[in-house]
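Notes follow the structure.
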């Protein structure tokens, strides 16, 4: 129908526009007019997509390809790349197991692999703790706040506010608060609890947990607000019907609200995992990941090595490893989502 | 707070078997809600308020009593930062970079999303996948080769070295949000416009851009915030004597140079937070929409 209308007006594009919304490209007759239209169409596409694609390929894809290349070289980044020496996957094996040469392995394990696995461990712990601590806490708060109460609007606004602050400013703020002679130390001592002897952030055992606390302060608001947005979409009749049938508050939450905001939780989990893998600013501002790497991340390690030690090849290898982590997370997420969606549609059909 | 919970228990106890107990709206459990809300608000705002108040104290006051209130109130810290240093210059630099980044992202992102949403052509899905794959290339990962590229272009220490990569890395989210948005514009509108003699390019400028404004505001807000808060890229790119300094860099520089001046650092940090907070108050809805829309796509 649309095709007829379109050819009636003598304007091919309508066909395509309609088709793009509907799916496959319809077969258009190869008249001269159509050919001209096709050429014009490709020109338009090039003009519209071209600039974005060019910028994207140059500044996102190209650097990644170069990182993959640099990662195979031994390269002092103060020197031109021409002087770099090809060493295959040595940078990777150094990070993972301290290199393959038995003579240097012990030294390299200490110099490369230990900091690397320490950083990976920190990243992984942050992801795990986000799921085990931030998720339930945020969920509970969201469920309790999911109703009308005086001051609801301002409460939501305030809870979300830390998310928009720069990690730098939030980090410096906590650096002040957590100073060994600062207010938090005083308060904790005032109620008679022990404080870490080397300071909240510098202490080998407390440092990581302090860092995780700061990260949670900044990011738990995002979880709460996303969950609340999801809960707003749960039909009220469902909850009312359940409670009339005698379901307790907990049962309503557990059986209705939490399952129904599953998609929102998945979105949050994905954002959180990707964010945790890339964590840099906060850790860097807080004394570059801690003096003994208590909360160093792969990213702080990479920047440290790239800028302080000028080891371009090794820093690039770390970048590629980080990329592989992000990609794995994204693929797992997409497969899970797709499996859910197809499972749902099969059930529906 | 203790009274809240006891009141709650007292009022709930007799009605345990009643249906209304579990009703979600309108019974005494509202005290729990308010209690939780107050704790959450206090936990969020407390540190920021402490920071702001700390800026009104002297280092002597802070050392003598870290948890006290300003006594007397000292305006010197804030006054010095606002009148003497480079605070305004840094703010302006951040603003220039953020505005240019936002403009670039919104313009190029919407332009790219338009054919991907409304044209049918071979390779369309391929191009879209290339953009979405960009979500897996965070700026952090590419920072090192990106720096080398910027260096080759001679952009180190200047605005362009910041703006163009930021646009590039914000494009994936923008295209992902804008594409379904543009695809949802009614086809009848397009047909009517063509009847009236508009070309597709004309349709884009005359109809799509005005109608896509809400979506563009959303992606623009996200891009602005990302640029405004950015730290790693300015840290790496804005080196050299004459390089402009953005606000996040400025704060850390101040802290580095005045490590012992706790009151000054607090004042500076709080001042640096204010623009983001103001922007957030104006744009809260858009930010939440954008974030939840970005991945659902």
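Residue numbers (UniProt numbering), protein chains in the order written: chain A, 1 to 349; chain B, 1 to 297.
We put the CB at the ideal spot given by N, CA and C, even for glycine.
These figures come from a predicted structure and were not determined experimentally.
Beta-carbon separation (whole angstroms), residue 320 of chain A vs residue 71 of chain A, contact threshold 8 Å: 5 Å
Residues in the region 227-240 of chain B having any Cβ partner in chain A nearer than 9 Å: 228, 229, 230, 231, 232, 235, 236
Residue 114 of chain B and residue 208 of chain B closer than 8 Å at C-beta: yes
Residue 179 of chain B classed as buried or exposed, judged by whether at least 16 other C-beta atoms fall within 10 angstroms: buried
DSSP state of residue 86 of chain A mapped onto helix, strand, coil: strand
CB-CB length for residue 108 of chain A against residue 121 of chain A, believed under 8 Å: With a Cβ gap of about 19 Å, residue 108 of chain A and residue 121 of chain A do not count as contacting.
Boundaries of the alpha helix (DSSP H) in which residue 195 of chain A is found, first to last residue: Here residue 195 of chain A belongs to no alpha helix (DSSP H), and DSSP marks it neither H nor E.
Coil, strand or helix - residue 159 of chain B by DSSP: coil
Option nearest residue 101 of chain B by Cα separation, candidates B:184, B:160, B:286: B:160
Simplified DSSP state of residue 76 of chain A, which is helix, strand or coil: strand
Whole runs of the alpha helix (DSSP H) within the region 85-152 of chain A, excluding any shorter than 4 residues: 90-97, 102-108, 114-129, 135-145
Identified DSSP bridge partners for residue 311 of chain A: A:76
CB contact below 8 Å: residue 25 of chain A versus chain B: For residue 25 of chain A, the predicted model reports a pLDDT of 43, less than 50, meaning its position is unreliable and no value from the coordinates is stated.
Cross-chain neighbours of residue 49 of chain B in chain A, by beta carbon under 9 Å: Neighbours of residue 49 of chain B on chain A: none; closest Cβ ~11 Å, over 9 Å.
Residue 286 of chain A versus residue 274 of chain B: straight-line alpha-carbon distance, rounded: 21 Å
Same chain, Cβ closer than 7 Å to residue 182 of chain B, neighbours up to 5 away in sequence not counted: 113, 114, 117, 118, 208, 212
Contact list for the region 201-223 of chain B against chain A, Cβ threshold 7 Å: 201
Cβ pair count under 8 Å reaching 3, the region 217-229 of chain A against the region 134-141 of chain A: yes
Assigned exposure category for residue 94 of chain A - 16 Cβ within 10 Å defines buried: buried
Minimum length 4: unbroken alpha helix (DSSP H) runs contained in the region 181-255 of chain B: 187-195, 200-203, 213-229, 232-237
Reduced DSSP secondary structure (H/G/I, E/B, other) of residue 145 of chain B: helix
Residue 248 of chain B beta carbon less than 8 Å from that of residue 268 of chain B: no
Minimum Cβ-Cβ distance from residue 205 of chain A to chain B less than 8 Å: no
Stretch pair the region 227-243 of chain B + the region 143-158 of chain B: three plus CB contacts closer than 8 Å: yes
Where residue 185 of chain A sits in the DSSP three-state scheme: helix
Cα-Cα separation, residue 197 of chain B to residue 109 of chain B: 26 Å
Within-8 Å CB hit, residue 126 of chain A to chain B: no
Simplified DSSP state of residue 28 of chain A, which is helix, strand or coil: Unreliable placement is indicated for residue 28 of chain A, whose pLDDT of 44 sits below 50; the coordinate value is still reported in the next sentence. In the structure shown, residue 28 of chain A sits in coil (DSSP, three-state: anything other than H, G, I, E or B).
Simplified DSSP state of residue 135 of chain B, which is helix, strand or coil: helix
Partner residues on chain B for residue 367 of chain A, Cβ-Cβ distance less than 7 Å: Since the first and last residues shown for chain A are 1 and 349, residue 367 of chain A lies out of range.
8 Å Cβ cutoff, residue 221 of chain A in contact with chain B: yes
Below-8 Å beta-carbon distance, residue 149 of chain A vs any chain B residue: yes
Cβ shell of residue 212 of chain A (< 7 Å), same chain only, five flanking positions each side left out: 126, 129
is_contact[residue 60 of chain A, chain B] using C-beta, thresh 8 Å: yes
Neighbouring residues, chain A, relative to residue 265 of chain B (Cβ below 9 Å): 172, 175, 176
Chain B contact for residue 29 of chain A (CB, 8 Å cutoff): Unreliable placement is indicated for residue 29 of chain A, whose pLDDT of 47 sits below 50; no coordinate value is reported for it.
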